[in-house]
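Right, one structure below, let's go through it.
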Amino acid sequence: MPTVVRFTIRVAPDSDEEVFKLKIHEEWAPLGARRFLDLVQDKNFDGGAFYRVIPGFMAQFGIAADPAMYKKWSQMIPDDKVTQSNTRGRISFAMRGPNTRSCQVFINFGDNGSLDSQGFAPFGEVIEGMEVVDKIYSGYQDAPYREPIKEEGVACIKDKFPKLSYVVAAVVED
Numbered sequence: 029m030p031t032v033v034r035f036t037i038r039v040a041p042d043s044d045e046e047v048f049k050l051k052i053h054e055e056w057a058p059l060g061a062r063r064f065l066d067l068v069q070d071k072n073f074d075g076g077a078f079y080r081v082i083p084g085f086m087a088q089f090g091i092a093a094d095p096a097m098y099k100k101w102s103q104m105i106p107d108d109k110v111t112q113s114n115t116r117g118r119i120s121f122a123m124r125g126p127n128t129r130s131c132q133v134f135i136n137f138g139d140n141g142s143l144d145s146q147g148f149a150p151f152g153e154v155i156e157g158m159e160v161v162d163k164i165y166s167g168y169q170d171a172p173y174r175e176p177i178k179e180e181g182v183a184c185i186k187d188k189f190p191k192l193s194y195v196v197a198a199v200v201e202d
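Going by my numbering, the first residue of the sequence shown is number 29, and it counts up by one from there.
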C-alpha cells in the first residue's frame, strides 16, 4: 500500500505555512522509495531549502540544513529501473550519473519525459497541494546550489538568498 508523506513548507520567509502531500509508490522504484522514507523518518528534509528551482522544469531539495545530517545521508544507493515517466508532480532522485542517488530529490513542474531515458526513476507523486509546489520560489534558479550548502548547511545561503522557500517539516501520515 502506498505511503503518504505530508510536507509543510514556507514559500516565503514571512508567509504562512502551506502543505503538499506525496504518495510514495514503492513498486515504482523500491530502492528510491525506501531511501526517501528513511530520509523523512530521520527528519533530513526539515529546515532544508528548495535550493535549485527552475521554472517549468523542477524544484530540487534534500541537502539537509545541518552538514552533519547531509554527511550521514550522502552514501549513494543503486539505481532503480525507470518504470514511470517524469510527468508533472512526480518526484525523483537527483543524480549525476549511474548509481549516484543519495538525498537530493526533485519534483517535476512539467512533463519531463526526456529524463526517463537518463535513469531518473520516479518513486512518488504529489496528490494534494500541487498549487503550493508551484509557488516555491524560483527567482534564484540554481544559484543557491552553487554555494557550499553541503559543507556549511543552509546558514550559508539564508542571507544571500533571502526569498528561498523552505521545508518546515516532512512526516509520514498514519
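Glycine included, C-beta positions come from ideal geometry on N, C-alpha and C.
- Counted as a single uninterrupted DSSP element, the alpha helix (DSSP H) harbouring Lys100 occupies residues 95–100.
- Contact between Leu192 and Tyr168 holds: CB atoms are separated by about 7 Å, below the 8 Å threshold.
- For the set Tyr165, Arg118, Gly60, the Cα lying nearest the Cα of Asp42 is the one of Tyr165.
- The stretch 66–76 makes no contact with the stretch 102–122, as fewer than three CB pairs between them are under 8 Å.
- Under the DSSP assignment, Ile105 falls outside any beta strand (DSSP E); it carries neither an H nor an E label.
- In the structure shown, Tyr173 adopts helical secondary structure according to DSSP, grouped into three states.
- Distance from Asp107 to Gly157 at the Cβ level is roughly 28 Å; contact not present, criterion being Cβ atoms closer than 8 Å.
- In terms of Cβ geometry, Gln132 and Gln69 do not form a close pair [threshold 8 Å].
- Excluding five sequence positions before and after Pro95, the CB atoms of its chain that fall closer than 8 Å to its own CB belong to Lys178, Glu179, Glu180, Gly181, given in chain order.
- In the DSSP assignment, Phe48 falls within the unbroken beta strand (DSSP E) covering 46–52.
- Exclusion of the five residues before and after Val32 leaves Lys49, Leu50, Lys51, Ile52, Ile155, Val200, Glu201 as the residues of its chain whose Cβ lies within less than 8 Å of its Cβ.
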